[in-house]
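*Asks:*
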Amino acid sequence: MPESEPATSLPQRAISLFGIAATAVLASGFLGGVTSAINGAVSPQYFVTIMHWHEISDVWRAAIAQGTFEGLCFGVFFSTLFTAGIGIITHTSCTYAFGMRHLRGVLAAAFVCWCLGGVLGTGLAMLSPEFYHATFRGVPDDLAAMLRFAWVGGSIWGIEFGGLLSVVLGLVVVRSSWRRCSQSTSEKC
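Heads up, this note's numbering is the position in the sequence shown plus 825, with the first residue counted as 1.
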């Protein structure tokens, strides 16, 4: 019976997973704040209408606070998925740096989804303003205001659904990278 090579075990780095989770939550809050800062500048009317902020004097600042809060809330959920996935895939052996490389990709993909959602929302409003008015509440009658309103609504949906998609695709990339990395003796995982 041929002798097989002894299996090499990687060190357990559970503390790295805690760092990855905390960083993912904070990064999600930051991304929510940044995208809401842009959205609040593009269409304050969206926030006044949808959030009922008729009495808010500084809608832009309130939008940033709301976006940061929602980013943190979504971040807890997405971070739990991402961190659990990376922990399972790597058997809690990945370094913090390995996790951060992949988290950056997930955040970048979520930002792209935010942009795509805004473009799709604007495109839908341009394609059929009547449909857009009938489907969504509080849409302004002015075409330019309606398109800005549509950008904000679409981009918010884009980052929420795109964030989940980004985490799932990010874990597929993590799995592939981990297999390649754990088979290499020169790369630190």
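Every residue gets a Cβ at the ideal spot worked out from N, C-alpha and C, and that includes glycine.
Using beta-carbon positions only, say whether residue 899 and residue 853 come within less than 8 Å of one another.
*Replies:* Residue numbering aside, residue 899 sits at position 74 when the sequence shown is read from its first letter. Residue numbering aside, residue 853 sits at position 28 when the sequence shown is read from its first letter. The answer is yes: Cβ separation under 8 Å.
*Asks:* Can you find the residues in the same chain that come closer than 6 Å, C-beta to C-beta, to residue 958, ignoring five residues on each side of it along the sequence?
*Replies:* Numbered from its first residue, the sequence shown carries residue 958 at position 133. 964, listed in sequence order.
*Asks:* If we ignore side chains and look at the alpha-carbon of each, how far apart do residue 831 and residue 937 end up?
*Replies:* Numbered from its first residue, the sequence shown carries residue 831 at position 6. Numbered from its first residue, the sequence shown carries residue 937 at position 112. Model confidence at residue 831 stands at a pLDDT of 42, short of 50, so the residue's coordinates are unreliable and nothing is read from them.
*Asks:* Please report the straight-line C-alpha distance between residue 1015 and residue 997, rounded to a whole angstrom.
*Replies:* Look at the range of the chain in this structure, 826 to 1014, and you will see that residue 1015 is not part of it.
*Asks:* Rounded to whole angstroms, what is the Cα-Cα separation between residue 892 and residue 992?
*Replies:* The residue labelled residue 892 in the question sits at position 67 within the sequence shown. The residue labelled residue 992 in the question sits at position 167 within the sequence shown. Spanning the two alpha carbons is a distance of roughly 19 Å.
*Asks:* Taking the C-alpha atoms as reference points, what is the distance between residue 886 and residue 876?
*Replies:* Mapped onto the sequence shown, residue 886 falls at position 61. Mapped onto the sequence shown, residue 876 falls at position 51. So the alpha carbons of these two residues sit roughly 14 Å apart.
*Asks:* Taking all protein chains shown into account, do 16 or more other C-beta atoms lie within 10 angstroms of the C-beta of residue 981, making it buried, or fewer, making it exposed?
*Replies:* Numbered from its first residue, the sequence shown carries residue 981 at position 156. Result: buried.
*Asks:* Should residue 1001 be labelled buried (16 or more other beta-carbon atoms within 10 Å of its own) or exposed?
*Replies:* Along the sequence shown, read from residue 1 onward, the residue named residue 1001 stands at position 176. So residue 1001 counts as exposed.
*Asks:* Could you tell me which uninterrupted alpha helix (DSSP H) segments, each at least 4 residues in length, are contained entirely in the stretch 831–917, listed from first to last along the chain?
*Replies:* The alpha helix (DSSP H) runs lying completely inside the stretch 831–917 and spanning 4 residues or more are 839–867, 869–876, 884–915, given in chain order.
*Asks:* Given residue 1013, which residues of its chain have a CB within under 6 Å of its CB, disregarding the five upstream and five downstream residues?
*Replies:* In the sequence shown, the residue the question calls residue 1013 occupies position 188. Close CB contacts of residue 1013 within its chain, under the 6 Å cut and outside five residues either way in sequence, are absent.
*Asks:* Runs of 3 residues minimum, wholly inside the stretch 933–1013: which ones carry the beta strand (DSSP E) assignment?
*Replies:* You should have found no qualifying run.
*Asks:* Within its chain, find whatever has a CB closer than 6 Å to the CB of residue 999; leave out the 5 residues flanking it on each side and keep chain order.
*Replies:* As a position in the sequence shown, residue 999 is number 174, starting the count at 1. Result list for residue 999: 911, 914, 927, in chain order.
*Asks:* Short of 6 Å in beta carbon distance, which residues of its chain neighbour residue 943, apart from the five on each side in sequence? Order them along the chain.
*Replies:* Counting from 1 along the sequence shown, the entry for residue 943 is found at position 118. Only 976, 979, 980 meet the Cβ criterion.
*Asks:* Ordered along the chain, which non-local residues of its own chain (more than five positions away) have a Cβ less than 7 Å from that of residue 948?
*Replies:* Counted from its first residue, the sequence shown places residue 948 at position 123. Excluding the 5 residues flanking it on each side, residue 948 has no same chain C-beta neighbour closer than 7 Å.
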